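Order-wise, the sequence lines are chains A and B.
So for the first sequence, this note's numbering puts the first residue at 238; every next one is plus one.
So for the second sequence, this note's numbering puts the first residue at -11; every next one is plus one.
Heads up, the beta-carbon is just placed ideally off N, CA and C, and yes, glycines get one too.
Here the structure is a predicted model, which is why all the values come from computation and not from measurement.
Data first, discussion second: the structure below is written as structure tokens.
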Amino acid sequence: MSQTSGTVPKPLGQPAARGRRQVSRKARKKDRDLLAVIGWRVLLVAIFCALWQLAPDGVVPESAVGRPSSVASSFWSLLKSGALPTALGSTLLSVVYAMIIGAVLGIALGIFSSMPVGRWLLGPAISLLYAIPKVGLIAVFVILLGVERSSHVALVVSAVLFVYFYAIRQGIEEANEDQLNALRGMGAGRLTVLRKLILPSAVPQLLGATRIALPLALTSEIFAELREPSIAGLGTLLADSSQSLNGAAASAVLIVTVLIAYGLDIVLNSRVKGFTELTGTGLQV
Amino acid sequence: MRLGQRGEPSALQLGAERPQGAGAENSLGTSSGHAVEASGVEFGYGELPVVSNLDLKIPAGEIYVILGPSGCGKSTVLNMIAGTIKPTGGDLTCFGSPITDLNRRVSYMTQRDTLLAWRNSLDNAALPLEIKHVPKQERHDAARHVLNRVGLNGFDDYRPHQLSGGMRSRLSLARALLGEADIFLMDEPFAAVDALSRLKLQQLVVDVWLETRKTIIYVTHDLYEAIALGHRIAVMTARPARVRLEQPVEGPESRDIADFKGTDTAQHLYGVLWNALAGELGE
């Protein structure tokens, strides 16, 4: 990239200052590029909305998905009535409970099953349980736990647990054997090795697992609410709107769900990047 | 052929009370305790022998260099001494007791360093003390001291990926110094470092040895490195590894490594070692 083409050659000297100017110019260009990208994306969304709004009735099934204008007004009325915030709060609460329980259980089981006894005891059982279509368990959990939030949470736990289980197992398998021997040689016991080596080196896998588990948890929870809507949540709103044939409201709820999942993913991704930068993973040869 | 004769009066006892005079004595002594002894040690994967009929007597408190062609099984020998793999035959002892499990008396610097990527230099160096539950302030003070010793002062907050290869080697050495190992195993620790830094690191190894008088078992395929560091150099055969020649070297106590490499003694040793090694390369 020649930055001086077409201009009067500048005197050399003060290379440091020149360097700084180049860096800031680069940074500004990067900012401009980012703005352009955002602009294009907004434009694409606008075009999509315009087509959705203006397309003839035969092309867009209005009764099922509404139009942007009716979706917006449904969104507004759901927001104003408090139905949407309440449902969102309830859904997220179940998801948070389930993510915490699922992560702790999955990691604990994963660690246990990496020990000889655990592998012998749990190996086949875990593989069998993993093969169960989790959504089918909602009936079992309702019978076991009643029409309570706990049955929803149990369903979501049964889904996310395996994600963490296999992530930590992979982390343990990929732990550097030389580092392991080095720590053991320093007199580290099992627990110390776990705390100082295995868990920290499994952080990328666990963050990755969270990125997979979170949308899965949201999906499972909404399914549980659709199937067992007594605990009101986003799924309950979806069920209500489909029962009242209100496609616009259903679209509004789905869009909110998508935006929540997308926002959480952005946050998680920045955590992954933070860890990558901290450890230089992928940079170190 | 063995040049290292047994039964000579030991010049190099374990203690540090030895005079550090200018190249005073030849450190040929073997009569005092052996750090590592191997007799008839075998190792192989199934039918494939990697180490065969290995006899070694590594005197305590010396720098013992194992020199051999690439892939001859040098690292395997170190791994057996470290206890990460078990010999398939023969006897291998460390300070008289057989090595049955991970050897806690050694600190192992592998070819690829074992620093923890998420820790800064200070916490990496302090790890051995942290494992022994030394209070934070105390272990950080100790870590700063050794970081200073290996020339890493001012790099406390750097993580391994922010350090050069040579600096990572220094950090590994600093961490080893805070361990309680009696033997340092070094497997081509400076292979990935540029020539100038390597020279400085070799000098550092000699200096550290002078201060600690620990046994250092150093594996290399670099003739000059072997001559520069070793009190004793074992030339290995091509696979399966055996000792072809054991060559004593005038101890590097007062040695300036850069100068020593140019001396007649060094040139002569180079010839001897090369003759032994060349036979193994041609096959």
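- Here the alpha carbon of Ala179(B) sits roughly 31 Å from the alpha carbon of Gly426(A).
- Using a Cβ-Cβ cut-off of 8 Å, Ser152(B) does not count as an interface residue toward chain A, since no Cβ of chain A sits closer than that to its own.
- Identification of residues in the segment 108 to 120 of chain B having a C-beta nearer than 8 Å to some C-beta of chain A yields Leu115, Pro116, Glu118, Ile119 and Lys120, given in sequence order.
- The alpha-carbon separation between Lys249(B) and Leu265(B) amounts to approximately 18 Å.
- Leaving aside the five residues that flank Leu165(B) on each side, the residues in its chain whose CB is nearer than 6 Å to its CB run, in chain order, Val134.
- DSSP, read as helix, strand or coil, puts Asp477(A) in helix.
- At a C-beta separation below 8 Å, Val24(B) has no neighbours in chain A, since its nearest C-beta there lies roughly 15 Å away.
- The residues Pro452 and Leu455, in chain order, have a CB closer than 6 Å to that of Ala498(A) in the same chain once the five nearest residues on each side in sequence are set aside.
- Under the 8 Å criterion on CB atoms, Thr88(B) is classed as non-interfacial with respect to chain A.
- At a cut-off of 8 Å between beta-carbon atoms, Met423(A) makes contact with chain B.
- According to the DSSP assignment, Thr208(B) belongs to the beta strand (DSSP E) that extends over Thr203 to Thr208.
- By the rule that beta-carbons nearer than 8 Å mark a contact, Gly511(A) does not touch chain B.
- The beta carbon of Leu90(B) is closer than 6 Å to those of Gly71 in its chain, skipping five residues each way along the sequence.
- The C-beta separation of Ile338(A) from Val390(A) comes to about 7 Å, placing the pair in contact by the 8 Å criterion.
- The distance from the Cβ of Ala105(B) to that of Gly484(A) is about 51 Å, inconsistent with a contact at the 8 Å cut-off.
- For the segment 439 to 499 of chain A, the full-length alpha helix (DSSP H) segments reaching 4 residues or more read 440 to 464 and 471 to 480 along the chain.
- The beta-bridge partner set that DSSP reports for Tyr96(B) consists of Leu173(B).
- Using a Cβ-Cβ cut-off of 9 Å, Pro437(A) is close to Leu104, Ala105, Trp106 and Arg107 of chain B, given in chain order.
- Legend: CB atoms of the segment 153 to 173 of chain B lying less than 7 Å from CB atoms of chain A belong to residues Gly167.
- Asp89(B) carries a coil assignment under DSSP once its states are collapsed to helix, strand and coil.
- Not a single C-beta of chain B is nearer than 8 Å to the C-beta of Thr447(A).
- Using a Cβ-Cβ distance cut-off of 8 Å, the segment 251 to 262 of chain B and the segment 67 to 86 of chain B are not in contact, since fewer than three pairs of beta carbons, one from each stretch, lie closer than that value.
- For Pro322(A), the enclosing alpha helix (DSSP H) covers residues Ala320 to Ser351.
- Cβ neighbours of Gly28(B) within its own chain (closer than 8 Å, five residues either side excluded): Asn41, Leu42, Asp43, Gly77, Gly78 and Asp79.
- Between Glu176(B) and Gln99(B), the C-beta spacing is below 8 Å.
- With fewer than 16 other Cβ atoms inside 10 Å of its own Cβ, Thr253(B) counts as exposed.
- Thr251(B): not part of any alpha helix (DSSP H); DSSP gives it neither H nor E.
- At a beta-carbon threshold of 9 Å, the residues of chain A lying near Tyr96(B) are Asp415, Asn418, Ala419 and Gly422, ordered along the chain.
- Restricting attention to alpha helix (DSSP H) runs no shorter than 4 residues, the segment 53 to 82 of chain B encloses them at 62 to 70, ordered along the chain.
- A direct Cα-to-Cα measurement between Ala439(A) and Asp502(A) gives close to 19 Å.
- Within the DSSP bridge table, the entry for Glu25(B) names Lys45(B) and Thr81(B) as partners.
- By alpha-carbon distance to Leu217(B), the top candidate from Gln190(B), Pro75(B), Phe143(B) and Pro116(B) is Gln190(B).
- Looking at the DSSP output, Phe31(B) bridges to Val39(B).
- Put simply, the segment 28 to 39 of chain B does not touch the segment 195 to 203 of chain B. Fewer than three CB pairs are less than 8 Å apart.
- Taking a beta-carbon distance threshold of 8 Å, Leu515(A) counts as an interface residue toward chain B.
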